[in-house]
Amino acid sequence: MTYILLILITIPLAKLWNKRNTSQKEKIIDIGNYTLRIKPYVYALLAFLPLYIVYAFQCSVHSDYDNYQILYSLTSIGNHELRDPAVYLIFRILSNLRLPFQSVYIVIYFIAFFILAKCIKDYSVDFSMSMTLFITVFFMLGFYYIRQLLAVVIVFYAYRYINTGNFKKYLVLTILASTFHTSALIMLPGYFLLRYRFNTSFYVLITLISAIINAAKNTVLTWIVATFIPKYFGRHEMFRSFAFDLYDTIWILILMLITFIYIFKSSSPAMTANNTKTNQPDCNNVFLRGLIFYFILYFFGRWILEFERFGYYFYFPVICLYPKFIERLSQGENSKSFRTFLNLATYALLILLLFLKYNADTVWNYTSIFHFYLLQVSPYHM
363 MTYILLILIT IPLAKLWNKR NTSQKEKIID IGNYTLRIKP YVYALLAFLP LYIVYAFQCS
423 VHSDYDNYQI LYSLTSIGNH ELRDPAVYLI FRILSNLRLP FQSVYIVIYF IAFFILAKCI
483 KDYSVDFSMS MTLFITVFFM LGFYYIRQLL AVVIVFYAYR YINTGNFKKY LVLTILASTF
543 HTSALIMLPG YFLLRYRFNT SFYVLITLIS AIINAAKNTV LTWIVATFIP KYFGRHEMFR
603 SFAFDLYDTI WILILMLITF IYIFKSSSPA MTANNTKTNQ PDCNNVFLRG LIFYFILYFF
663 GRWILEFERF GYYFYFPVIC LYPKFIERLS QGENSKSFRT FLNLATYALL ILLLFLKYNA
723 DTVWNYTSIF HFYLLQVSPY HM
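So for the sequence shown, my numbering puts the first residue at 363; every next one is plus one.
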């Protein structure tokens, strides 16, 4: 129930942020002889505050939290168990300052949400929908995979440089992202896949090749692991019967339908690169190419070890692309009422799918660090 309440609180706060950001006007409040000026960025802080409190102050809600706690203890005594240098540096600095383990989550989510807020501000036309998509569709990434979350949002920020063709800046940011999670390196060739326009036959060819390899998934995956990454041999067995998640697939199929309608209705060619350099980058064509690659990966890329880890980099921009879909689909007569209907239907669907997917999981029983400390001092738990 915590996550549903979080969404319901975040939606109006994000809408307020969206409204103030669009107007770019300070809110002026007169209090007696004092004049209080509220800058637009204050509304961004308010929109992210509930999300930050829930995520940064979680406590032993899932196994990753406990594993990071062990790694933090090892780091504090000089053991270098963490392979990602930037994450190790954060752990090391915080442990040297003798701060409690929770400070890791506080710092990492502060950095991640700062970058995410900047991306939503620059890319999205509907902040509340973007934040809802982040909470629901990317629940695992946002709540579990804190290292990769940092890498993904850095790459997401770097998408603007795919759009403008600035490979040097893109390269720097992608390498920076890889210091948090090495999977970000997949986006080095990803630059060329997303930067250039390919015709429909290219995507059909990629789909056919992936489907053929995917049909022999067991053999191909075993050979890849045994040849290139033998340390994963045995662990890769879990991917032999990797089934489609029902609720993820329902969302993906609906998203595919909306995507194809968007392409059909788009007044400009959907795959045309937009090279205009602006302060508000319009990266929708780049996001769209990434989403199409993710569709191919989702259905036919399961021969790739931990394919979902790599897929996040192509899929994550949908949090800002989907609101553009809604905007385009609702153009015409009665556009405002139809857009409201589409938004409400999407909110309801996302909340329902989130509940159905995770309500039986231990993560649904949210516990914060504050609750943990209250139990520690309670006379009934002494």
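Backbone N, C-alpha and C define an ideal beta-carbon position, used for all residues, glycine too.
As the structure is a prediction and not an experimental result, all values here were calculated from the model.
With contact defined as three or more Cβ pairs closer than 8 Å, the region 444 to 451 and the region 477 to 489 are not in contact. Sixteen is the threshold: since fewer than 16 other Cβ atoms of the shown chains lie within 10 Å of the Cβ of GLN693, the residue is exposed.
Collapsing the DSSP output to three states places SER730 in a strand.
CYS682: member of the alpha helix (DSSP H) spanning 680 to 691, first to last residue. When DSSP states are grouped into helix, strand and coil, ILE439 belongs to the coil group. In summary, HIS543 is buried, with 16 or more beta-carbon neighbours lying within 10 Å of its beta-carbon over all protein chains present.
In the DSSP assignment, THR611 falls within the alpha helix (DSSP H) that extends over 608 to 627.
When GLU689, SER540, VAL515, GLY663 are compared, the shortest CA-CA separation from ALA577 is found for GLY663. Following the DSSP letters along the chain, one finds PRO447 inside the alpha helix (DSSP H) bounded by residues 447 to 458. ILE400 sits in a strand when the DSSP states are folded into three classes. The Cβ atoms of CYS421 and ILE614 do not sit closer than 8 Å to each other. LYS719 counts as buried, since no fewer than 16 other beta carbons sit within 10 angstroms of its beta carbon.
For TYR467, the enclosing alpha helix (DSSP H) starts and ends at 464 to 485. Here the alpha carbons of LEU495 and VAL680 stand approximately 8 Å from one another. GLN510 is bridged by DSSP to nothing; it lacks a bridge partner. Between the alpha carbons of ALA406 and ILE482 lies a gap of roughly 10 Å. Counting every other CB atom within 10 Å of its CB across the protein chains shown gives PRO685 a total of 16 or more, marking it as buried. Put simply, the region 667 to 674 touches the region 503 to 514. At least three CB pairs are less than 8 Å apart. Separation of LEU411 and THR526 (C-alpha to C-alpha, rounded to the nearest whole angstrom) is 32 Å. For GLN431, DSSP records no beta bridge to any residue. If the five residues before and after PHE678 are omitted, its C-beta is found closer than 6 Å to the C-beta atoms of VAL514, PHE518, all from its own chain and listed in chain order. With fewer than three CB-CB distances shorter than 8 Å, the region 651 to 658 does not count as touching the region 448 to 458.
Classified as exposed, MET363 has fewer than 16 neighbouring CB atoms from the shown chains inside 10 Å of its CB.
Excluding sequence positions up to five before and after VAL469, its CB lies within less than 8 Å of the CB of ILE452, LEU456, all in the same chain and listed in chain order. For TYR558, the closest C-alpha among the options CYS645, LEU714, PHE472, ILE373 is that of CYS645.
Non-local beta-carbon contacts of TRP379 in its own chain, meaning distances under 6 Å to residues more than five positions away in sequence, involve TYR405, ALA406, ALA409, PHE489 in chain order. Taking 8 Å as the cut-off, the Cβ atoms of LEU619 and LEU653 do not count as close.
ILE688 is positioned such that its CB atom lies no closer than 8 Å to that of THR498. Here ALA539 is near ILE516, since their CB atoms are less than 8 Å apart. Pairing LEU570 with ILE524 gives a Cβ-Cβ distance that is not under 8 Å. If you draw a straight line from the Cα of TYR553 to the Cα of ASN528, it comes to about 10 Å.
LYS698 and LEU704 have their alpha carbons spaced roughly 10 Å apart.
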